[in-house]
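Novice:
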Amino acid sequence: MNQNYDDSTRISRREAICRGVAGAASLAAANYVGSEAYAAAPAATTAKAKSVIQIFLWGGMSHNDTWDPKPESGRSYMGDMTETIESNVSGIRLSGLFPMLAKQADKYSLIRSMTHRNNGHETAAYLMQTGHVPGERVSYPSVGAVFALAKSRTYKGLIPPYVVLTSPQGRFSEEGFLGPKYKPFATGGDPNSQRFEVEGIVARGITDERQKGRRNLLTKLDTLGSSLKFNEQISATQEAKETAYELILGKGKDVFDLSREKPELRDKYGRHTFGQECLVARRLVEAEVPYVTINYPAGWDTHKDHFQAIRRQCPQLDQGLAALLQDLQDRRLLETTVVWCCGEFGRTPKVDYQPPWNGGRGHYGNVFSVLVAGGGFKGGHVVGSSNATGEEPKDRPVYPVDLLGSIYQLAGIDTKGKLPHPMGIDAYVLPEPSERVKSGGLLTEIM
Amino acid sequence: MLRTIGVVALVLAASVSHAASPATKVNVFETTTRPGTEGAIDRIVFPKLAAMDLRPALCSDAVFIRRVYLDVLGTLPTSKEAREFIEDKDMRNKRRLLIDRVLEREEFASYWAMKWGDVLRIKAEFPANLWPNAAQAYHRWVYNSLATNKPYDKFVRELLTSCGSNFRVGPVNFYRAIQTRTPEGLAEGVALTLMGSRADAWPAERRAGMAAFFSQIGFKPTAEWKEEVVYWDPYRLAEIPGSAVAGKAALLPPKPEQGAAAAAPAKKPVVLKTPTPLKAVFPDGTEVTIPPDRDPRDVFADWLIRPENPWFAKSIVNRIWAWLLGRGIVHEPDDIRDDNPPVYPALLTYLEQELVKADYDMKAIYRLILNSKTYQATSLLRVKNPKAESHFGSYIVRRLDAEVLIDAINKVTGTTDLYTSAIPEPFTYIPSDMPAVAIADGSITSPFLSLFGRSARATGLMNERATRPMPGQWLHLLNSSHIQRKLESGTWMQTLTQSAKSLDDIIDELYLTILSRFPTQEEMQSIMEYLTHTVAAAESGKGGKAGKGGDSGGKAGKPPVPVGGKYAKPPVPGKYGRPPVAAGKPGKSNLPELSAAQRRDNSIDIAWALINSIEFQYRH
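Residue numbers (this note's numbering), protein chains in the order written: chain A, 114 to 560; chain B, 295 to 914.
What follows is the structure, encoded as structure tokens:
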């Protein structure tokens, strides 16, 4: 029986059977594989993943220069980026910019045949985080918002269930039709600064003392609020205010307080925004927050000065991500936490040496790489491969629905579950067979 | 010190009767005069309320001016307007005159265009694609109709029967804004918006009978990007490829599934079928045969817009009532049906008759309702009564709409917000001095508006706004940099705290600006305690960071005067219901003296607390 996340209407058994039939029918269609291939069975009892950390390399990180190095493809493809490094798993080589991740290849797997062939930031970001085809009349929620919804009955933590470090990406509306309640909570601020000012929780220039004094003053001046005794709406809003205060003055804010970590560990993550974001993400996962997205502080949309940017940014990505994986494992959190890291697409393997690009790479959705770890994903494997120049998937293409379907499966979220659409439109976690999205099947080889 | 008669009387009355009972807290919101029943509305409502043991007091003048401004204009009165109204001694006429004034203000059209925009679904994209130019044209038509007080019958006829370009003829977008553009879908939209009835619950034959009236509406693109013409199309030319007015359906390539069958393009000349008389059924069951030379929409409009039509006047007066009082006489206000009876049938009938009598002048209905004591009832209930809300035994408390709330915050802090539309590119930005209420297009938004549940303008339903309170909204109001910045760097706070005003006057100004009233005695006492505490804390912490308060005027060396123990004593009610008066400063309360920085920070804290009060955030 399918999970139903829509409280208003439960799918009848008859309907479920009908849908099953439709699925089987489309399996037979050439070129397209029906949703059965990526459909995750609801298996809440055996779910391995409790939380997800998504590191979103928005703008699109080059795959050739990072996790799918092609040093033999020559200067027109690789510029002077030819150094590679052997990892601790034989056969897996990374670009030389990732010495720390190279020591940890047993903890993660690399998908080198990710593909969707979409080269627009907005549409590709939507595709990678919803699995649905952009441009439909229905605007679907992102995987984080679906987690927030699916975990709403079990997650009772103070911190909102879907947290974004630190800024929303703004390429699409993450909550989709689920509405403002499922919008990610964006922290703002900078965890690498003296005091991590979390939007709404830790305010600039307001000490705890002043915060408490203000709260006291508000209680005394809330003359009407304290007079409206029999009003349910007012009781509900006062209750919501108390919850907010538990975050502002109670335990909630401590989760964001990095001064509670040993300085040596903070150093290990790297004293830069991304490194400290990774550390905050680990603290959020410890607090059982279901879904955390780190939108990489500086983007990866390197049309110009590509190689300089890559050489500047990769060492920080390497340090933060490697420290995160190690720390999660040390705390036995890696087995219950999915970490996935990629952009909305890769970058053109062929370098554009012409002005104004002067050695840049463009948007590229034909093939790119994704790193996955933890929560039931095996480490030390490579899924699929790209061709010699990194321009096309060579074997085992992986589509967005396959990646998201696998994450949902590990978390015990039914991909055929119905989502509550405000106008009662039938909408499901992942596309229905009739939508004819391409699929290469779940990532069973690493699950 | 001159105070309003009303408030003084209240505070006095309260302090005389029970100085410490909860009643003292309440009276600033109510008057002691019992409401009479001069008006027809009250003569219908009040006897029924009395039978339910509900005898609401009348709201105070301070509450009234705020309520009327928010309900009719979607904005707060300025401190000056609030002060003048509270201090106006013409007790007999001042409310009536205020109502007449607000109904003529410019904000009336802005605010009601927003409310109509929700139900008429004025939004460039998603779920229906009106497109930006069309959303602007549609809004402009609604705005102008309201600004000129177009009679409601004329307003509806234009909505139903207009033809022309979506960019040029605003009301043609009424049909375009309905997501399902089949005759049945359009009929459902008409029933919901103009009859207050949900056709999805009707018997199928009634739906089909009404759908026939909307079966000859054509939509066709032009050479202009995103322009679309809506017109009467009895020949169904919109569906014929190659015709002079081929519509979208005819221009799209055949769908792949139909590929084989539809592959051969029709080369032979199209023979137009001569239109035959159209059979349709009005929702009341009357059958009609429409001759081929009449637009069926005109026939429908003729049937709908009549005094004796059972839905037409009823639907709009019920809607206006619900907009002003938070709940319909029939509730939900757009769900009129036999098995959902009105709480006061006579009231509904009365308002319908009045609308017809006034030649469909909507402002006449506003005026009747606003002048009623039912509308002017207190929002406070003495005892719990489950029927109070549904029978209007008290004014229904409800949070300000997202747009009104941010406008109110911006108005009191002297700041602005940025509103943009992310789709389609190029992004739309609107001038920074435009209030959120005046935004034409539902696709133009801000994070605040979406957090506070602005209408999605997708369904045309009255209750489409998300009103359930969420902790995230409190985090934003209590502690976000967005609000904090407004308080710290807004022009209002700077001007106020740098002025030569005394602290008493600053606090009065804060109250009048933010809550449209003067502070009560208890509130002054709480503020004094807060100031005393912060001054004392600053004093005791002065060891290391002495220079902190010394900006600008601080050099003159007026050290904050520490406050002695006598202020910690319970207050003795003064003559004017104010805290005890200090010697040598007649009329002034004994507030501690503050350095410039303390004055500023504490004023911000007080403003912060008032903005976070229920009284600010809720219509009451």
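Just so you know, even glycine gets a beta-carbon here, dropped at the ideal spot from N, CA and C. In this text, all values refer to a predicted model and were calculated from it rather than measured experimentally.
Does Ile347(A) get closer than 8 Å to chain E when you measure Cβ to Cβ?
Specialist: In the structure shown, chain E does not exist; the protein chains are A and B.
Novice: On the DSSP letters alone, give me the boundaries of the alpha helix (DSSP H) that Asn773(B) sits inside.
Specialist: Counting along the chain, the alpha helix (DSSP H) containing Asn773(B) begins and ends at Pro765 to Asn773.
Novice: When Cβ atoms are compared, which residues of the segment 245-263 of chain A fall closer than 9 Å to chain B?
Specialist: Answer set for the segment 245-263 of chain A: Arg250, Val251 and Ser252.
Novice: Output, in sequence order along the chain, the residues in the segment 310-332 of chain A whose CB is closer than 7 Å to any CB in chain B.
Specialist: Correct list: Glu312, Gly313, Ile314, Ala316, Arg317, Gly326, Arg327, Leu330 and Leu331.
Novice: Should the segment 466-474 of chain A be regarded as contacting the segment 288-304 of chain A, the criterion being three or more beta carbon pairs within less than 8 Å?
Specialist: Cβ pair count under 8 Å is below three, so no.
Novice: Using beta-carbon positions only, say whether Ala949(B) and Val650(B) come within less than 8 Å of one another.
Specialist: Past the edges of chain B, shown from 295 to 914, lies residue 949(B), and the structure says nothing about it.
Novice: Going by alpha carbons, who is nearest to Gln892(B) out of Ala403(B), Thr487(B), Tyr437(B) and Thr828(B)?
Specialist: Nearest of Ala403(B), Thr487(B), Tyr437(B) and Thr828(B) to Gln892(B), Cα basis: Thr828(B).
Novice: Taking only beta-carbon atoms, is Asn408(A) less than 8 Å away from chain B?
Specialist: It does not: the Cβ of Asn408(A) has no partner Cβ on chain B nearer than 8 Å.
Novice: Taking Ala316(A) and Lys381(A) to be in contact with their CB atoms under 8 Å, please state how far apart those CB atoms are, rounded to whole angstroms.
Specialist: Contact flag wrong, Cβ pair sits at about 29 Å.
Novice: Helix, strand or coil for Val259(A), going by three-state DSSP, please let me know.
Specialist: If DSSP states are grouped into helix, strand and coil, Val259(A) belongs with the helices.
Novice: Whole angstroms is fine: what's the gap from Val561(A)'s alpha carbon to Pro212(A)'s?
Specialist: Summary: the structure shown does not reach residue 561(A), with chain A confined to residues 114 through 560, and so no result is reported for it.
Novice: Just tell me which of Pro590(B), Thr580(B), Pro636(B) and Pro421(B) has its CA closest to the CA of Leu572(B).
Specialist: That would be Pro590(B), whose Cα lies nearest to the Cα of Leu572(B).
Novice: Between Phe298(A) and chain B, is the shortest Cβ-Cβ distance under 8 Å, so that the two count as touching?
Specialist: So, interface residue.
Novice: Answer with buried or exposed for Trp453(A), where buried requires no fewer than 16 other C-beta atoms within 10 angstroms of its C-beta.
Specialist: Looking at its Cβ environment, which holds 16 or more other Cβ atoms inside 10 Å, Trp453(A) is buried.
Novice: Which of helix, strand or coil does DSSP assign to Pro506(A)?
Specialist: Here Pro506(A) sits in strand by DSSP.
Novice: Quick test of the definition: if touching needs 3 or more C-beta pairs under 8 Å, does the segment 282-295 of chain A touch the segment 257-264 of chain A?
Specialist: Touching, yes, given that three or more Cβ pairs across the two stretches are closer than 8 Å.
Novice: Taking only the alpha-carbon atoms, compute the straight-line gap between Tyr437(B) and Gly490(B) and give it to the nearest angstrom.
Specialist: C-alpha separation (whole angstroms): 22 Å.
Novice: Span of the beta strand (DSSP E) holding Tyr404(A)?
Specialist: Looking at the DSSP string, the run of the beta strand (DSSP E) that includes Tyr404(A) is Tyr404 to Asn408.
Novice: Out of Leu523(A), Val514(A) and Ser265(A), point me to the one whose CA is closest to Ile559(A)'s CA.
Specialist: That would be Leu523(A), whose Cα lies nearest to the Cα of Ile559(A).
Novice: Count the other C-beta atoms from every protein chain shown that fall within 10 angstroms of the C-beta of Arg693(B), then say buried if there are 16 or more, exposed otherwise.
Specialist: By the neighbour-count rule (16 or more Cβ atoms within 10 Å), Arg693(B) is buried.
Novice: If you measure between the beta carbons of Leu360(A) and Lys366(A), is that distance less than 8 Å?
Specialist: Yes.
Novice: Check distances from the C-beta atoms of the segment 472-491 of chain A to those of chain B and list, in chain order, the residues that come in under 8 Å.
Specialist: Against chain B - using a Cβ distance shorter than 8 Å - the segment 472-491 of chain A contributes no residues.
Novice: In the DSSP assignment, find the unbroken alpha helix (DSSP H) run with Trp526(B) in it and report its ends.
Specialist: Premise fails: Trp526(B) lies in the beta strand (DSSP E), Glu522 to Trp526, not in any alpha helix (DSSP H).
Novice: So Asp336(B) and Thr668(B) are in contact, right, with Cβ under 8 Å, and what is the actual spacing, rounded?
Specialist: With a Cβ gap of about 6 Å, Asp336(B) and Thr668(B) count as contacting.
Novice: Counting pairs of Cβ atoms below 8 Å between the segment 442-462 of chain A and the segment 487-501 of chain A, do you hit three or more?
Specialist: A contact exists between the segment 442-462 of chain A and the segment 487-501 of chain A.
Novice: I'd like the ranges of any beta strand (DSSP E) spanning at least 3 consecutive residues and lying wholly in the segment 482-510 of chain B.
Specialist: Counting whole runs of 3 or more residues, the segment 482-510 of chain B contains no beta strand (DSSP E) stretch at all.
Novice: If the criterion is Cβ atoms closer than 8 Å, does the pair Gly209(A) and Thr228(A) meet it?
Specialist: Their beta carbons are not under 8 Å apart, which means Gly209(A) does not touch Thr228(A) by this criterion.
Novice: Taking the CB atoms as reference points, tell me whether Lys791(B) and Arg661(B) lie closer together than 8 Å.
Specialist: The sequence shown places Thr at residue 791(B), not Lys. No; because the gap between Cβ atoms is not below 8 Å, this pair is not in contact.
Novice: Could you name the residues of chain B that Thr356(A) contacts, counting a contact when the two beta carbons are closer than 7 Å?
Specialist: Chain B residues near Thr356(A): Pro765.
Novice: Is Met728(B) helix, strand or coil by DSSP?
Specialist: In this structure, Met728(B) counts as coil in the three-state DSSP scheme.
Novice: Taking only beta-carbon atoms, is Phe323(B) less than 8 Å away from chain A?
Specialist: Yes, Phe323(B) lies at the interface with chain A (some Cβ there is under 8 Å from its Cβ).
Novice: Quick one: what does DSSP say Arg913(B) is sitting in, helix, strand or coil?
Specialist: It is a strand residue.
Novice: Alpha carbons only, please: which of Ala671(B), Leu755(B), Met822(B) and Lys795(B) is nearest the one belonging to Thr325(B)?
Specialist: Among Ala671(B), Leu755(B), Met822(B) and Lys795(B), the Cα nearest to that of Thr325(B) belongs to Ala671(B).
Novice: Alpha carbons only, please: which of Arg225(A), Lys220(A), Gly173(A) and Phe169(A) is nearest the one belonging to Pro510(A)?
Specialist: With distances taken between Cα atoms, Pro510(A) lies closest to Arg225(A).
Novice: Classify Ser164(A) as helix, strand or coil using the three-state DSSP reduction.
Specialist: In the structure shown, Ser164(A) sits in a strand (DSSP, three-state: E or B).
Novice: Taking Cβ-Cβ distances shorter than 9 Å, what residues in chain B pair up with Ile272(A)?
Specialist: The premise fails here: Ile272(A) is roughly 10 Å from chain B at the closest Cβ pair, so nothing lies under 9 Å.
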